[in-house]
Amino acid sequence: MRLDRLDYHLPPELIASRPEPERDAARLLVVPPGEGDVDHRRVRDLPDLLPSGALLVVNDTRVVPARLIGKKAGSGGAVEIFVVRPRDAAVATGAEQCVLAMGRASKPLRPGTRVLFNDGALTAEVEGRDGASGLLIVRLIARDGDVASVISALGHMPLPPYMRRDDDDADRERYQTVYARVPGAVAAPTAGLHFTEPLFDRLAERGITRAAITLHVGLGTFQPVTADDLNDHPMHTETFVVPPETVQAVSLARARGAPVVAVGTTAVRALESAADPDRPGHVKAMSADTKLLIQPGFAFRVVDRLITNFHLPRSTLLALVYAFAGEDRMRRAYELAIQHNYRFYSYGDAMLLTRTQFNVAPTDARP
Numbered sequence: 012m013r014l015d016r017l018d019y020h021l022p023p024e025l026i027a028s029r030p031e032p033e034r035d036a037a038r039l040l041v042v043p044p045g046e047g048d049v050d051h052r053r054v055r056d057l058p059d060l061l062p063s064g065a066l067l068v069v070n071d072t073r074v075v076p077a078r079l080i081g082k083k084a085g086s087g088g089a090v091e092i093f094v095v096r097p098r099d100a101a102v103a104t105g106a107e108q109c110v111l112a113m114g115r116a117s118k119p120l121r122p123g124t125r126v127l128f129n130d131g132a133l134t135a136e137v138e139g140r141d142g143a144s145g146l147l148i149v150r151l152i153a154r155d156g157d158v159a160s161v162i163s164a165l166g167h168m169p170l171p172p173y174m175r176r177d178d179d180d181a182d183r184e185r186y187q188t189v190y191a192r193v194p195g196a197v198a199a200p201t202a203g204l205h206f207t208e209p210l211f212d213r214l215a216e217r218g219i220t221r222a223a224i225t226l227h228v229g230l231g232t233f234q235p236v237t238a239d240d241l242n243d244h245p246m247h248t249e250t251f252v253v254p255p256e257t258v259q260a261v262s263l264a265r266a267r268g269a270p271v272v273a274v275g276t277t278a279v280r281a282l283e284s285a286a287d288p289d290r291p292g293h294v295k296a297m298s299a300d301t302k303l304l305i306q307p308g309f310a311f312r313v314v315d316r317l318i319t320n321f322h323l324p325r326s327t328l329l330a331l332v333y334a335f336a337g338e339d340r341m342r343r344a345y346e347l348a349i350q351h352n353y354r355f356y357s358y359g360d361a362m363l364l365t366r367t368q369f370n371v372a373p374t375d376a377r378p
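Numbering (my numbering), first residue to last: 12 to 378.
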């Protein structure tokens, strides 16, 4: 796919810097397959828009407040450390933790640099740079308690740069889904931000069930595509888990002839990465990494419908929705959303998409 096909012009005033006062009050652009007319609804209307028996699959990752603001030991210079992920997930607990991180300061952060956060409640020691990722190798030491708890208390929520503001106390709740459970993401699975427990209750009353995957959203999700051809884009790696309970939930949905509805593109990537090659429409239980790139021409094997926010131009996420619902259809939908002043990106409005009918599952799509 050529990069220029992933471009569009968005008036900057349509970028949402804050969420709607009520999560499920966000607008929902319902885009049917084919040439049918779109419908302008609200997320809270989903119980009337999904068939009874449908299965919602959500991503229960939890955003870590990964931005740490501190001072260099000795000079007192301002430093920001952005924790991307543990260097070794197997030893990512306790009073010390080695992480991969990005750093920002007036001068380069060299090996041996020490940074103090909250007068030493947490200390960061720069050990070097990781050859594979280019990220800093940083050892974090908690004065009292464990590192994860201290980060949770001291850290700032990693709002995307396009919001053009610092995080505040409200973001600790609103930049987190109500079902967030497993810490590890550095960005929210934003389609899920619109859901509330009362909405889930109303969905359940309609016989609509819920299952979860875990995919820890990484910084690469927002990495712009710079290659002229999407095939040349170095796709980012994200860790995901599809538990046995979700495998069973998908099987039950298939047995009753009900659609699998992914809440967000991260749920799509996990489900399609775990697609069972021997049973079309089903998934296998697994814990793995995925570098799955979905672009027009990809044949979906699991997901039938998709609830998603509006995505940045020149992004792999925009390519994914093109593949799912059709490039021309999505171009027109985005143009219509702009004309009707929908709110875009992480704190913005949402779409309900149905998979293009000619996407039938072959056995050659792999993570």
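A virtual CB, placed ideally from N, CA and C, is assigned to each residue, including glycine. Quick caveat: nothing in here was measured; it's all calculated off a predicted structure.
For S357, DSSP assigns no beta-bridge partner whatsoever. In the three-state scheme derived from DSSP, where H, G and I count as helix and E and B as strand, L165 is classed as helix. For A286, the closest C-alpha among the options T276, R312, K302 is that of R312. Contact check for E346 against V314 fails: the beta carbons are separated by 8 Å or more.
In the structure shown, E24 falls within a helical segment according to DSSP collapsed to helix, strand and coil.
Looking from the CA of T276, the closest CA among Y19, F335, N242 belongs to F335.
When DSSP reads this structure, I219 sits in no beta bridge, so it has no partner. Our two residues, N320 and L111, have alpha carbons roughly 29 Å apart in a direct line. The residues P58, in chain order, have a CB closer than 8 Å to that of E216 in the same chain once the five nearest residues on each side in sequence are set aside. By the criterion of a C-beta distance shorter than 8 Å, D99 is surrounded in its chain by C109, once the five residues flanking it on both sides are discounted. By the neighbour-count criterion, in which a residue is buried when 16 or more other Cβ atoms sit within 10 angstroms of its Cβ, D240 is exposed. The beta-carbon distance between V95 and L79, rounded to whole angstroms, is 12 Å. This is too long to meet the 8 Å contact definition. Following the DSSP letters along the chain, one finds I349 in no beta strand (DSSP E) but inside the alpha helix (DSSP H) bounded by residues 338–350.
I305 has no beta-bridge partner at all, per DSSP.
Under the criterion of beta carbons closer than 8 Å, F206 and V189 qualify as touching, at roughly 6 Å. With three or more CB-CB distances shorter than 8 Å, the stretch 118–137 counts as touching the stretch 67–84. The bridge partners DSSP lists for Q108 are L151. DSSP links D240 through a beta bridge to R13.
Distance from the Cα of P324 is smallest, within the candidate group F355, L303, K295, for F355. Cα atoms of A202 and L147: separation of roughly 31 Å, rounded to the nearest angstrom. In the same chain as A36, and ignoring 5 residues on each side of it, the C-beta atoms closer than 8 Å to its own belong to R53, V54, R55, in chain order. Of all C-beta pairs linking the stretch 156–163 to the stretch 37–53, fewer than three are shorter than 8 Å, placing the two stretches out of contact. In the DSSP assignment, no residue is bridged to R290. Going by beta carbons, A264 and D71 fall outside the 8 Å limit.
The DSSP assignment places 38–42, 50–53 as complete runs of the beta strand (DSSP E) inside the stretch 26–56, in order along the chain (cut-off: 3 residues). Separation of the CB atoms of S326 and V236 is rounded to 7 Å, and the pair is thereby assigned contact status at 8 Å.
Per DSSP, the unbroken alpha helix (DSSP H) holding L282 starts and ends at 276–284.
V271 sits away from V258, with the two beta carbons spaced by 8 Å or more. DSSP places R185 within a helical segment (H, G or I) once states are collapsed to three.
Bridge partners of S298 according to DSSP: V252. P76 is a Cβ neighbour of H167, given a cutoff of 8 Å. One thing to note: L226 has its Cβ within 8 Å of the Cβ of R280.
No residue range can be given for P76, since it is assigned to no beta strand (DSSP E) and is classified by DSSP as neither H nor E.
If you draw a straight line from the Cα of G145 to the Cα of V252, it is about 26 Å long.
Ranked by Cα distance from A310, the first of R342, R154, T367, M341 is T367. Considering only G45, R73, L214, the residue with the shortest C-alpha distance to G337 is G45.
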